[in-house]
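Residue numbers (this note's numbering): -12 to 513.
See structure below.
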Amino acid sequence: MTRLLSIAVALILALSMLLSCAVAESENEPIEVTIVTYSWDVKGSANTDWIWQKYEEMTGIHVNWTEIPQSSAEEKKMTMFASGDLPDAFFQFDFSVDELYEYGQKGTFINLNDFDDYTPALNAFFESDKAAKAACVMPDGGIYGFPGVSYNTVGNSLRYYINGEWLDRLNLKVPETLDELTATFEAFKTQDANGNGDTDDEWPIYIRYRSFGWAFERAFEGVFGLGDHGNNQCDTGFYLEDSTDTIEYIYTSEKCKAMWQQFAEWWAAGYFYPETFGNFDYASWVTAGKVDDVVGFFQWAHANFLYDGASQVYDGINQFRGGISEKMSYLNPSLSTVGAGIITNKCKYPERMAKWFDYFYSDEGRIFTYAGIEGETYFVDDDGVMRYTDDIMNYDGGWQLGSFQYGLFTYGGGVPSLEIDTDAMFALHYSSPEQEFGTSVEDCSQFCDDDVWPAFIAIGDEQAVIDTYATDLDNYVTESRVKFVTGEWNFEEDWDAYVTQLNSMGVAELQAVRQAQYDRYAAAQQ
-12 MTRLLSIAVA LILALSMLLS CAVAESENEP IEVTIVTYSW DVKGSANTDW IWQKYEEMTG
48 IHVNWTEIPQ SSAEEKKMTM FASGDLPDAF FQFDFSVDEL YEYGQKGTFI NLNDFDDYTP
108 ALNAFFESDK AAKAACVMPD GGIYGFPGVS YNTVGNSLRY YINGEWLDRL NLKVPETLDE
168 LTATFEAFKT QDANGNGDTD DEWPIYIRYR SFGWAFERAF EGVFGLGDHG NNQCDTGFYL
228 EDSTDTIEYI YTSEKCKAMW QQFAEWWAAG YFYPETFGNF DYASWVTAGK VDDVVGFFQW
288 AHANFLYDGA SQVYDGINQF RGGISEKMSY LNPSLSTVGA GIITNKCKYP ERMAKWFDYF
348 YSDEGRIFTY AGIEGETYFV DDDGVMRYTD DIMNYDGGWQ LGSFQYGLFT YGGGVPSLEI
408 DTDAMFALHY SSPEQEFGTS VEDCSQFCDD DVWPAFIAIG DEQAVIDTYA TDLDNYVTES
468 RVKFVTGEWN FEEDWDAYVT QLNSMGVAEL QAVRQAQYDR YAAAQQ
């Protein structure tokens, strides 16, 4: 009996080993999948990218990439879903949170909870960042997309840039408060800051065309207590009144009135470029900064958007002190998107695809996707630091486009991955945040709130309410902002009528939706 038992055990073990080998082989058996992504005019096709050729060698999965220009993406998306002719997966292809939830509920997008055993790296990330996981979990409990994640606060934010050469010429320091900023604007306007002998050709505030409301004002909302929870909060048009834990409309608040009054004072003093609310183009703005040297102050994520090399001239300012708050309002959450990678119900190999995506969240996968392979795309210097190879660093379009030619995840944003450490990312291209953004990670981080909101999800009839009221309210605010700032409307005489008009257009109805969305988000953090 003992001998028979031993034989049985041996047979079971042998069978188990055979099954394990079969599973291992099946996990690397060559398969083909189709993935839809964006096409890019700054590099070749994803079908010939170095990174996907290498990844195919590692996984046995050959990807047939369908690349769609962003300009026609929405039209193509509608056609795909109407016909049911869907790919196995989407990669770095924009879906709103509401779309993710809609198609997840329908079963069009697979629920990653059902493939939990195949996503250990993603699970570990969710365990380390409960808020990020809460943002990915839909109201029905499903997780329908792989997120894009970056803890780089400098890269996730938009800051102000001030002309450092003008400051030096006038013996001024970088302003830290709104009062100091106003005094600096006055000096720029009256003291020949660009040194050309003309004391009246400088524009202290010369911002990017058509960017006043969504960029310039958005950056200042934090100073006035309207943007403590980041860009997504501001984007709703509402802010959290911390003292009451209620959602309030930004544009009828006394805080907004104070902010617009400050802008109006700057306008009346002649600090703004006169066509700020006009229709000047990007090229003329670049000329104004690079050739004419008349741009004193603007805001953007990177100074070099004004012109290549502007980061060597303009000093970065994360936020101003002394206001109601000191939080950066134009700050995106570390979770940039919850649906950067999506597997559809058309996929015949969902387990394999789940593992394929999961790799980008592992320690090894993060290095591979951003740095590549040692000896091919990067080397390790004498200090043990990863550096891109010369062909990437010396690429005509710069290191970012150079690395993008390999398909590395360094251009475009919104990719399904967990970005590598900020210092390691900058070290790859021999740089630092101070060199590129005029600021340090430490300085930026002190102005970042711990609770930066993700995009909220609309459920039930909430989206219908948003669609009914939000656009008309936004349009009226846009028109009114210009009138108040430029002095056409008077704050003493016209503010109350403006508020009354907004309230009649559905502020209360929209406020109720935003409150419900916030309450669900807050409950998910418990």
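C-beta atoms are modelled at their ideal positions from N, C-alpha and C, and glycine is treated no differently.
All of these numbers come straight from a predicted model, not from anything done at the bench.
- A distance of 7 Å or more separates the beta carbons of residue 507 and residue 234.
- A distance below 7 Å separates the beta carbons of residue 294 and residue 273.
- Of the residues assessed, residue 65 falls on the exposed side of the cut-off, its CB having fewer than 16 other CB atoms within 10 angstroms.
- By the criterion of at least three beta-carbon pairs nearer than 8 Å, the region 122 to 132 is in contact with the region 85 to 97.
- Under the DSSP assignment, residue 98 falls outside any beta strand (DSSP E); it carries neither an H nor an E label.
- Comparing alpha carbon positions, the residue from 138, 100, 209 closest to residue 405 is 138.
- In this structure the region 456 to 468 lies against the region 193 to 207, because at least three pairs of beta carbons, one per stretch, are closer than 8 Å.
- When the alpha-carbon of residue 132 is set against those of 354, 76, 391, 266, the nearest one is in 76.
- Linking residue 380 to residue 356 through their CA atoms gives a straight-line distance of about 17 Å.
- Taken atom to atom, the span from the alpha-carbon of residue 315 to that of residue 282 is near 23 Å.
- Annotated three-state conformation of residue 288 is coil, per DSSP.
- Look at residue 245 here: in three-state DSSP terms it is helix.
- When C-beta atoms of the region 411 to 425 are compared with those of the region 333 to 346, fewer than three pairs fall below 8 Å, so the two segments do not count as touching.
- By the C-beta criterion, the region 212 to 222 is judged to be in contact with the region 434 to 451, since at least 3 inter-stretch pairs fall below 8 Å.
- With contact defined as three or more Cβ pairs closer than 8 Å, the region 174 to 186 and the region 442 to 456 are not in contact.
- Per the coordinates, the alpha-carbon of residue 181 lies some 10 Å from the alpha-carbon of residue 187.
- In the three-state DSSP reduction, residue 453 falls in the helix class (H, G or I).
- Taking residue 366 as reference, the option from 155, 454, 110, 411 with the minimal CA-CA separation is 411.
- Here residue 151 carries a helix assignment [DSSP, helix/strand/coil].
- For residue 76, the secondary structure class from DSSP, reduced to helix, strand or coil, is strand.
- If you draw a 10 Å sphere on the C-beta of residue 296, you find fewer than 16 other C-beta atoms in it, and that means exposed.
- Using a Cβ distance threshold of 7 Å, residue 302 and residue 149 count as a contacting pair.
- Taking each of 299, 471, 321, 447 in turn and checking the Cα distance to residue 121, the smallest one comes out for 321.
- Look at the region 323 to 407 and you find these whole runs of beta strand (DSSP E), each 3 residues long or longer: 365 to 367, 373 to 375.
- Residue 513 sits exposed, since fewer than 16 C-beta atoms from the chains shown fall within 10 Å of its C-beta.
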